[in-house]
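If you number the sequence shown the way numbering that gives the first Met the number 0 does, the last residue is 167 and the count never jumps.
Cβ coordinates follow ideal geometry from the N, Cα and C atoms, glycine included.
The structure presented is a predicted model; accordingly, all values stated were derived computationally and were not measured.
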Amino acid sequence: MPVQPATNIFEKHNHRRCLKGGMDEARALCQTQGLRLTPVRARVLEILLESHKALGAYDILAILDMDGMGRQPPVVYRALEFLVQSGLVHRLEKLNAFAACCHQGSAEGRGHEPMFLICTQCRQVAETSLKEVEGSIEKCAAALGFEVQSRVVELIGRCPACQGGAGL
Ligand SMILES: [Zn+2]
Ligand SMILES: [Zn+2]
Ligand SMILES: [Zn+2]
0 MPVQPATNIF EKHNHRRCLK GGMDEARALC QTQGLRLTPV RARVLEILLE SHKALGAYDI
60 LAILDMDGMG RQPPVVYRAL EFLVQSGLVH RLEKLNAFAA CCHQGSAEGR GHEPMFLICT
120 QCRQVAETSL KEVEGSIEKC AAALGFEVQS RVVELIGRCP ACQGGAGL
């Protein structure tokens with residue numbers, strides 16, 4: 000099965016599908032792998048799926064607190080670790096934040112290697128595939144005799160809407 004392209008979240012799109020697709024995928028994944036989608040794990044994923052903005056662990060904690068789900072950092076960190084390991088959420092190194100994966104509905108989408116496009120103004124994060132630049136990265140590394148084991152590419156800039164200068 001071909002990998003479905005990630006939704007271009009910078010374009011107008013049916014966001015309800017992102018939200019529902021992400022939750023459905025989480026449930027299916029947990030069912031097939033015998034994992035538990037605890038209420039906290041489910042809620043953390045839902046919070047991240049509600050927008051395509053990158054959120055820090057403490058942003059998420061504040062929302063959980065408002066929900067009355069407690070305010071213990073280890074609980075959030077454990078839930079995030081679970082979601083990142085299962086590929087439903089990505090960790091953004093530069094921002095020290097998290098964003099829900101926007102590859103919908105394909106098992107192959109999980110474990111994919113995304114290239115992130117991060118808007119510094121609105122903090123929205125889009126994904127495209129590292130496959131686009133794959134050969135070039137290996138070539139640069141190989142020129143230095145370097146063996147690549149993992150690749151994290153995060154492009155920092157402004158999304159189309161923020162370039163519009165219309166202000167937020
Ligand atoms: Zn969306
Ligand atoms: Zn992804
Ligand atoms: Zn933006």
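- In this structure, the beta-carbon distance from residue 155 to residue 93 falls below 8 Å.
- Judged by beta-carbon spacing, residue 22 lies beyond the 8 Å limit of residue 47, meaning their Cβ atoms are not closer than that value.
- Remark: C-beta atoms of residue 78 and residue 89 do not approach each other more closely than 8 Å.
- The beta carbon of residue 35 sits closer than 7 Å to those of 29, all from its chain and outside the five residues before and after it, given in chain order.
- Cβ contact annotation for residue 118 (same chain, cutoff 6 Å, sequence separation greater than five): 157, 158, 161, in chain order.
- Relative to ligand 2, the beta carbon of residue 102 is positioned inside 7 Å of a heavy atom.
- Relative to residue 42, the option among 113, 33, 87 whose CA is nearest is 87.
- Annotation for residue 88: the continuous beta strand (DSSP E) segment containing it runs 88-91.
- Residue 74 is a Cβ neighbour of residue 39, given a cutoff of 8 Å.
- Counting other Cβ atoms within 10 Å of its Cβ, residue 81 reaches 16 or more and is therefore classed as buried.
- Taking 7 Å as the cut-off, the C-beta of residue 160 counts as close to a heavy atom of ligand 3.
- Less than 8 Å divides the Cβ of residue 52 from the Cβ of residue 123.
- Take residue 14, set aside five residues on each side of it, and no residue of its chain has a beta-carbon closer than 6 Å to its own.
- The Cβ neighbour count for residue 72, taken over all protein chains shown within 10 Å, is under 16; the residue is labelled exposed.
- In the DSSP assignment, residue 153 falls within the unbroken beta strand (DSSP E) covering 152-156.
- When the Cα atoms are used, residue 148 and residue 131 turn out to be separated by approximately 18 Å.
- With a threshold of 16 other beta carbon atoms within 10 Å, residue 60 meets it and is buried.
- The alpha-carbon of residue 114 is positioned some 21 Å away from that of residue 56.
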